[in-house]
Amino acid sequence: MNLEHELAVLETEGRAAIAGATTEAELEAARIRLLARKEGRLSAIMRGLGQLPPEQRPAAGAASNRVKDILTELLDARAAELAAAQDSKTPRLDLTLPGRATWRGAKHPVTLVIDEICDVLAHLGFTRARGPEAETDWYNFIALNTPLDHPAADMHDTFYLAPGILLRSHTSPVQIRTMQEHQPPIRIVAPGMVYRRDPFDASHAPAFDQLEGLAVDEGVTFVDLKATLAEFARGLFGSSARVRFRPSYFPFTEPSAEVDVSCMLCGGSGCSACKGTGWIEIMGAGMVHPAVFEHVGYDSERYTGFAFGMGPGRIAMLRYGIHDIRILYDSDVRFLEQFAGVS
Ligand code: PHE
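Numbering-wise, the working numbering puts 244 at position 235 of the sequence shown, and it's gapless, one number per residue.
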């Protein structure tokens, strides 16, 4: 058998072996049989080159190399084919699948209203303040000119944590803490949770949000209170909103008022939200009682001020058409996620 013939046989058989390999292991076995350095058939043929007459060696060498190149190329191509077939059997990355829905947070509707109120009041120079939810009866009642035998301080109306310590029943104690820490002029807005022994029904919650306002300086009058709250109502409800003051009573303000805003739903003509009156009560307010100033060491002859307190939850209910306060404090995501994207 001459060398040329041997190479031709090797090429033919090699092609068949490579094409017939159906696994990577079979293909590797074929590669070893055909081309491996020691035991491969091509190496055996090439070792015979040395017995040829010198003038035939270059041509024979070139012929062997050509067969080697052909088989190497076929091996590579078949390896790629087998790998691709393997890939299509295993699950692959499908970039057309929709992404997994991620949790999208939202601001609570009451927080939205609080932020908006604070923004409006920030334009009038009010900065945010906060105080603890667990208070002493001194801050919650006594310093606010409310004696402990007042019904509001009764065991049955307030959550006492220990003797003399309770969950604040309003945000007004923040007035006291602020005045203890700062001298006038003062203008603060203090949102936060308050607690009362109320039933949890459509219009009451034992824990709810309040928002306190306080301004103290020399020469502050009731006119400043009215102008501030009128401006506040326009900022929150629109330029046609009006406010009205009705005489009222709070131990820590004198004079005191209930403040109504023209109904934002009917514009004042009367609807079910305002019970046909055209007005909706939104807060209590008044001029800071001199006795309160005495408790914090302010000179009540020199300083005057006004305070107001409102329920942002009630405003959120009006704004978003919510008829049951419980839904605000239930943490039901089906309700809360409707506010995703509102800011
Ligand atoms: N603290 C009062 C309440 O909870 C509201 C209020 C605040 C009234 C400030 C007057 C001044 O009802």
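Even for Gly, the Cβ is constructed at its ideal location relative to N, Cα and C.
Taking the runs of the beta strand (DSSP E) that are 3 residues or longer, which of them lie wholly in the stretch 190-217?
Fully enclosed beta strand (DSSP E) runs of no fewer than 3 residues occupy 195-204 of the stretch 190-217, in order along the chain.
Taking the alpha-carbon positions, what's the P355 to Y338 distance?
This structure cannot speak to residue 355, because the chain is shown only from 10 to 352.
Please state whether DSSP places F150 in a helix, a strand or coil.
Your numbering for residue 150 matches position 141 in the sequence shown. The answer is coil: DSSP assigns F150 none of H, G, I, E or B.
Three-state secondary structure (DSSP) at P107?
Here residue 107 is taken as the residue at index 98 of the sequence shown, counted from 1. In the three-state reduction of the DSSP assignment, P107 falls in the coil class.
Residues that DSSP places opposite A171 in a beta bridge:
As a working note, residue 171 is residue 162 in the sequence shown. Beta-bridge pairing links A171 to I174.
Go ahead and pull the three-state DSSP assignment for D128.
As a working mapping, residue 128 is identified with position 119 in the sequence shown. In this structure, D128 counts as helix in the three-state DSSP scheme.
First and last residue of the beta strand (DSSP E) that includes E48?
Indexing the sequence shown from 1 puts residue 48 at position 39. Unbroken run through E48: none, as it is neither H nor E.
With a threshold of 16 other CB atoms inside 10 Å of the CB of Y258, please say whether the residue is buried or exposed.
The count along the sequence shown starts at 1 and reaches residue 258 at position 249. Its Cβ having fewer than 16 others within 10 Å, Y258 is exposed.
Under 7 angstroms between the Cβ atoms of V119 and G322?
Here residue 119 corresponds to residue number 110 of the sequence shown, with the count starting at 1. Here residue 322 corresponds to residue number 313 of the sequence shown, with the count starting at 1. Yes, the Cβ-Cβ distance between V119 and G322 is below 7 angstroms.
Restricting to Cα atoms, I'd like to know which of P194, A39, I289, A30 is closest to E267.
What you label residue 267 is simply residue 258 of the sequence shown in a count that begins at 1. Closest by C-alpha distance to E267, out of P194, A39, I289, A30, is I289.
The beta strand (DSSP E) with R253 in it runs from where to where?
Translated into positions along the sequence shown, residue 253 becomes position 244. 252-259 is the span of the beta strand (DSSP E), which, as asked, contains R253.
CB contact flag (L130, Q184, <7 angstroms):
In the sequence shown, the residue the question calls residue 130 occupies position 121. In the sequence shown, the residue the question calls residue 184 occupies position 175. No. Outside cutoff.
When every heavy atom of the ligand PHE is checked, does at least one fall within less than 6 angstroms of the C-beta of G306?
What you label residue 306 is simply residue 297 of the sequence shown in a count that begins at 1. The answer is no for G306.
Going residue by residue through the stretch 62-124, where are the continuous alpha helix (DSSP H) segments of at least 4 residues, counting only ones entirely within it?
Entirely contained in the stretch 62-124, the alpha helix (DSSP H) runs reaching 4 residues are, in chain order, 66-98.
Contact defined as beta carbons within less than 8 angstroms: I believe L370 pairs with A282. What is the distance between those atoms, to the nearest angstrom?
Outside the shown range of the chain, which is 10 to 352, sits residue 370, and nothing can be said about it.
Rounded to a whole number of angstroms, what is the C-alpha to C-alpha distance between K47 and A53?
Translated into the one-based positions of the sequence shown, residue 47 becomes position 38. Translated into the one-based positions of the sequence shown, residue 53 becomes position 44. In this model, K47 and A53 are separated by some 8 angstroms (Cα to Cα).
Determine whether the beta carbon atoms of I197 and A239 lie at a separation below 7 angstroms.
For the purposes of this step, residue 197 is identified with residue 188 of the sequence shown, where counting begins at 1. For the purposes of this step, residue 239 is identified with residue 230 of the sequence shown, where counting begins at 1. No, they are not a contact pair.
Indicate the three-state DSSP secondary structure (helix, strand or coil) for D265 in the structure shown.
Within the sequence shown, the letter at position 256 stands for residue 265. The amino acid at residue 265 is misidentified as Asp; the sequence shows Ser. Strand.
For my contact list, V225 and G314 are in at a C-beta cut-off of 8 angstroms; report their separation, rounded to the angstrom.
What you label residue 225 is simply residue 216 of the sequence shown in a count that begins at 1. What you label residue 314 is simply residue 305 of the sequence shown in a count that begins at 1. A Cβ-Cβ separation of about 3 angstroms places V225 in contact with G314 under the 8 angstroms criterion.
Whole-Å CB distance - A115 paired with F348, under 8 angstroms assumed
Start at 1 with the first residue of the sequence shown, and residue 115 comes out as number 106. Start at 1 with the first residue of the sequence shown, and residue 348 comes out as number 339. Yes, A115 and F348 are in contact; Cβ-Cβ is about 4 angstroms, under 8 angstroms.
In this structure, how does DSSP classify T366 when only helix, strand and coil are distinguished?
Residue 366 cannot be examined here, being either before or after the span of the chain that is shown, 10 to 352.
Using 8 angstroms as the Cβ pair cut-off and three pairs as the minimum, do the stretch 185-192 and the stretch 299-306 touch?
Here the stretch 185-192 makes contact with the stretch 299-306; the two share three or more CB pairs at distances below 8 angstroms.
Out of Q219, A34, L274, G59, which one is the CA nearest neighbour of L84?
Reading the sequence shown from its first residue, position 75 is the one you call residue 84. Taking only the C-alpha atoms, the option nearest L84 is A34.
Heavy atom of the ligand PHE within 6 angstroms of F259 beta-carbon:
In the sequence shown, counting from the first residue as 1, residue 259 sits at position 250. The answer is yes for F259.
Report yes if the CB atom of M319 is closer than 7 angstroms to the CB atom of I336, and no otherwise.
Along the sequence shown, read from residue 1 onward, the residue named residue 319 stands at position 310. Along the sequence shown, read from residue 1 onward, the residue named residue 336 stands at position 327. Cβ atoms of M319 and I336: not closer than 7 angstroms.
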